[in-house]
Amino acid sequence: MLFVVMGKPKAASTGKERIARRVSWEYPAGMRMVAEYWPMSTEVAVIAVAEADNVASIMKAIVDWDDVFDLTVVPAMTA
Numbered sequence: 089m090l091f092v093v094m095g096k097p098k099a100a101s102t103g104k105e106r107i108a109r110r111v112s113w114e115y116p117a118g119m120r121m122v123a124e125y126w127p128m129s130t131e132v133a134v135i136a137v138a139e140a141d142n143v144a145s146i147m148k149a150i151v152d153w154d155d156v157f158d159l160t161v162v163p164a165m166t167a
């Protein structure tokens with residue numbers, strides 16, 4: 089299943105800290121990145137499109153990043 093993930097930054101972290109952390113982070117097993125963007129915006133700091141075999145891998149990613157982002161995950165489909 090395809091998902092779009094949008095992350096609004098929490099005030100407790102900086103862009104520099106988030107990007108440094110992303111360099112070493114890997115998507116959980118069962119979740120594959122399709123696209124990932126880090127817009128230069130104060131509203132949305134990350135937009136990712138990913139495929140997941142099950143909701144558990146999505147939840148793992150949310151837990152990994154919950155301290156620095158308010159994440160919104162929505163199912164998606166291609167045109």
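As numbered in this note's numbering, residues 89 to 167 make up the sequence shown, in order.
We put the beta carbon where it would ideally sit given N, CA and C, even for glycine.
Here the structure is a predicted model, which is why all the values come from computation and not from measurement.
Chain C contact for residue i (CB, 8 Å cutoff)
i: Tyr125; result: In the structure shown, chain C cannot be found, because there is only a single protein chain.
C-beta contact flag for residue i and residue j at 8 Å
i: Val156; j: Val137; result: no
i: Gly103; j: Asp158; result: no
i: Glu139; j: Met89; result: yes
i: Val92; j: Val162; result: yes
i: Ala133; j: Arg106; result: yes
Counterpart residues of residue i in DSSP-defined beta bridges
i: Pro97; result: Phe157
i: Arg120; result: Glu139
i: Tyr125; result: Ile135
i: Val92; result: Val137, Val162
Residue i Cβ short of 7 Å to the ligand ATP heavy atom set
i: Thr130; result: With respect to small molecules bound, the structure shown includes none, and the ligand ATP cannot be examined in it.
Outcome for residue i when other beta-carbon atoms lying within 10 angstroms are tallied against a minimum of 16
i: Pro127; result: exposed
Residue ranges of each alpha helix (DSSP H) within the region 132–164, 4 or longer: Here the runs fully enclosed are 143–153.
Meets three-Cβ-pair contact criterion under 8 Å: the region 133–152 and the region 111–122: Under the three-pair Cβ rule at 8 Å, the region 133–152 counts as touching the region 111–122.
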